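In the numbering used here, the protein residues as written are 62 to 196.
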């Protein structure tokens with residue numbers, strides 16, 4: 062009887078562990094919908110812009126794991142997202158910067174870091190202001 066109880070317990074533990082692993086893998090693969098306009102605040106920590114804050118609006122469109130869009134200065138946005146982690150490039154004619162950010166689980170905000178083509182770097186944070194409806 063003790064052997065049967067032990068086997069039953071082992072089977073239960075294995076089934077529960079497998080179910081938990083499947084749930085974790087499934088949730089990791091889900092990509093939040095980040096298609097929206099975002100009110101962004103960038104803080105410059107180092108470089109030519111040190112100690113300054115910049116605000117603006119970024120329009121981000123998500124199609125699968127690909128990101129596209131632009132900012133209010135006309136810079137083109139291209140990048141990728143995996144789970145809640147995003148990385149994108151904003152590029153204009155003479156200036157560009159790379160953003161690495163983590164979106165909230167509900168995709169209503171993000172926080173991250175950036176580096177620019179002039180060797181400055183800082184932090185970024187944003188809140189969703191308007192969901193964009195795609196055709």
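A virtual CB, placed ideally from N, CA and C, is assigned to each residue, including glycine. Computed from a predicted model, the values in this text were never measured in an experiment.
Query                                                                                                                                                             : Result
Could you pull out every residue in the same chain whose Cβ sits closer than 7 Å to the Cβ of residue 121, ignoring the five residues on either side in sequence? : 95, 96, 97, 99, 128, 130, 138
Please state whether the Cβ-Cβ distance between residue 172 and residue 108 is less than 8 Å.                                                                     : no
Are residue 136 and residue 147 closer than 8 Å when you measure CB to CB?                                                                                        : no
Under the three-state reduction of DSSP, which class applies to residue 175: helix, strand or coil?                                                               : strand
Whose CA, out of 186, 194, 157, lies closest to the CA of residue 176?                                                                                            : 157
Can you tell me the Cα-Cα spacing of residue 112 and residue 174, whole angstroms?                                                                                : 15 Å
Straight-line CA distance for residue 163 to residue 132?                                                                                                         : 18 Å
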